[in-house]
Amino acid sequence: MSNQRKFNITVLPGDGIGPEVIDQGIKVLDAVADRFGFSLEYCVGDIGAIAIDRHGTPLPDETIDACTKADAVFLGAIGHPKYDHDPSAKIRPEQGLLKLRKSLGLYANIRPVTVYPELADLSPLKKHILDGTDFVIYRELTSGIYFGKSGRNPEENGAYDTCYYNEAEIRRITKLAFDAARQRSGKVTLVDKANVLESSRLWREIVRDMAASAEGIELEYLFVDNAAMQMIVAPNQFDVVLTSNMFGDILSDEGSVISGSLGMLPSASIGEHSSLFEPVHGSYPQAAGKDIANPLATILSGAMLLESLEQFEAAKAIRDAVALICRFGIGTQDLKMNITCSCSQLGDLITSAIQEGETFGLRRGTIEESVSTII
Ligand code: IPM
Ligand code: MN
37 MSNQRKFNIT
47 VLPGDGIGPE
57 VIDQGIKVLD
67 AVADRFGFSL
77 EYCVGDIGAI
87 AIDRHGTPLP
97 DETIDACTKA
107 DAVFLGAIGH
117 PKYDHDPSAK
127 IRPEQGLLKL
137 RKSLGLYANI
147 RPVTVYPELA
157 DLSPLKKHIL
167 DGTDFVIYRE
177 LTSGIYFGKS
187 GRNPEENGAY
197 DTCYYNEAEI
207 RRITKLAFDA
217 ARQRSGKVTL
227 VDKANVLESS
237 RLWREIVRDM
247 AASAEGIELE
257 YLFVDNAAMQ
267 MIVAPNQFDV
277 VLTSNMFGDI
287 LSDEGSVISG
297 SLGMLPSASI
307 GEHSSLFEPV
317 HGSYPQAAGK
327 DIANPLATIL
337 SGAMLLESLE
347 QFEAAKAIRD
357 AVALICRFGI
367 GTQDLKMNIT
377 CSCSQLGDLI
387 TSAIQEGETF
397 GLRRGTIEES
407 VSTII
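Numbered according to this note's numbering, the sequence shown spans residues 37 to 411.
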């Protein structure tokens, strides 16, 4: 089992609950590394509001450098209310993340929406509608309206943002989405606004042509307004959702809540240099430092990170441990399980489940008891 490989991970804890959830993620990564015989070395960098405080910029050059050299980047969260409430702030934490995506060429953002049966009650959707939901969003991440020409027109106090895509940008993410679809049912839904936008019509032409010569791909099209509705009325019709930057941003938040908790959803951003892994949720400043945040999205992002390093068994061990703890009915307060535990306790439990393997499952009674007496 021992492959004795060593990987360099650049860790960017960021703001708010970022550092707490990242601590749990690292605990769990170390546990699987130990069990499956590889080693991980960490280098920590600043990004977001904390980087503005320390360096005057949301993404210092040293951070970009450390990320470019790493085998993978593990990010907590960024954002601080003091910037959210000041639209005139010239320097903002989010700029750090956008610049990092661009610098690393992270053109594909992959956000799986998985439903855990134990959490189905938390979903705003009825159980029979949620049943069988399991899809993944492929969101284009380094182009479109996020990075197009923007500006102000002082003459009439106007402002504009442009959505521009070229063929190469559309092709490379489509290829990844098709590859993913082949490992699943083969169905790809292209979400756009081709009845109105020229850039969407270009997406359709290119994706349609690629699908015509791709084996095993069944391509469907949906306008984004309809897709937003379909995700609520029949989410189980989706398998791979392929879309542009802005539509993907909006739809992935929608996708995340139907699973029950935003605190469960991981993401991967893949591109030209090192890949980046982060929870879908934000920095949740109200919970920062209280040890109550849900670390599972980060822990599951760690599983995606290991897959990118081809440590498939280790990734599976993490997912199995998370599913087991959910079955035990233990979780952070947002999960409203039978037993509520803290962020660090949940990290410890997942770690023990990984270290102990089979025997952990047999200790259910004592584990439940120990958690409920501490709380
Ligand atoms: C996300 C976030 C970012 C985005 C923000 C923080 C810039 O909402 O990762 O989905 O809009 O891409
Ligand atoms: Mn978003």
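Yeah, the Cβ is synthetic: ideal placement off N, Cα and C, and Gly gets one too.
None of these values were measured; they are calculated from a predicted model.
Check, Outcome
"What three-state label does DSSP hand glycine 393 in the structure shown?", "coil"
"Going by the CB atoms, is the gap between proline 94 and glycine 132 shorter than 8 Å?", "yes"
"Can you give me the start and stop residues for the beta strand (DSSP E) that alanine 264 sits inside?", "Looking at the DSSP string, alanine 264 is not in any beta strand (DSSP E); the run it does join, the alpha helix (DSSP H), is 260 to 269."
"Which first and last residues belong to the alpha helix (DSSP H) in which tyrosine 119 is found?", "117 to 120"
"Does DSSP classify cysteine 362 as helix, strand or coil?", "helix"
"For the segment 212 to 225 and the segment 180 to 197, state whether three or more C-beta atom pairs, one from each stretch, are separated by less than 8 Å.", "no"
"Given a cut-off of 8 Å on the beta-carbon distance, is the pair serine 297 and leucine 111 in contact?", "no"
"Just the Cα atoms here: how many angstroms apart are isoleucine 294 and alanine 270?", "11 Å"
"Would you call methionine 265 buried or exposed, if buried means 16 or more other Cβ atoms sit within 10 Å of its Cβ?", "exposed"
"Taking the C-alpha atoms as reference points, what is the distance between valine 80 and proline 123?", "30 Å"
"Beta carbon of leucine 134: closer than 7 Å to some heavy atom of the ligand IPM?", "yes"
"Would you kindly check if the distance between the Cβ of leucine 382 and the Cβ of threonine 395 is under 8 Å?", "no"
"Unbroken beta strand (DSSP E) runs of length 3 or more, entirely within the segment 77 to 158: which are they?", "108 to 113 and 144 to 150"
"How is leucine 177 classed by DSSP in three states: helix, strand or coil?", "coil"
"For the ligand IPM, I want to know if glycine 112 counts as a neighbour, meaning its beta carbon is within less than 7 Å of at least one of the ligand's heavy atoms.", "no"
"The ligand IPM and glutamate 130: does the residue's C-beta get closer than 7 Å to at least one heavy atom of that ligand?", "yes"
"So is the beta-carbon of aspartate 51 under 7 Å away from any non-hydrogen atom of the ligand MN?", "no"
"Considering valine 243, what are the terminal residues of the alpha helix (DSSP H) in which it resides?", "234 to 248"
"Considering only heavy atoms of the ligand MN and the C-beta of each residue, which residues fall inside 7 Å, strictly closer?", "Asp285, Ser288 and Asp289"
"Suppose you measure from the CA of methionine 373 to the CA of phenylalanine 259; what does that come to, to the nearest Å?", "37 Å"
"So alanine 339 packs on phenylalanine 72, CB below 8 Å; how close in whole Å?", "Not a contact, Cβ separation roughly 12 Å."
"Return yes when the C-beta of glycine 115 is under 7 Å from any heavy atom of the ligand IPM, and no when it is not.", "yes"
"In angstroms with no decimal places, state the Cα-to-Cα distance between isoleucine 181 and phenylalanine 274.", "25 Å"
"State buried or exposed for aspartate 120, treating a residue as buried only when at least 16 other CB atoms are found within 10 Å of its CB.", "exposed"
"Do phenylalanine 313 and valine 109 have their C-beta atoms within less than 8 Å of each other?", "yes"
"Taking the beta carbon of threonine 198 as the centre, do at least 16 other beta carbons fall within 10 Å, making it buried, or is it exposed?", "exposed"
"Quick check on the DSSP output: what are the complete beta strand (DSSP E) runs of length 3 or more inside the segment 307 to 332, in order along the chain?", "311 to 315"
"In the DSSP output, what is asparagine 44 paired with across the bridge?", "Glu77"
"Tell me, to the nearest whole angstrom, how far the beta carbon of proline 302 is from that of serine 337; I am working on the premise that it is less than 8 Å.", "4 Å"
"Between the C-alpha atoms of glutamate 251 and lysine 211, what's the straight-line distance to the nearest angstrom?", "12 Å"
"Can you pull the DSSP bridge partners for valine 172?", "Pro148 and Val276"
"Buried or exposed for leucine 398, going by 16 or more other Cβ atoms inside 10 Å?", "exposed"
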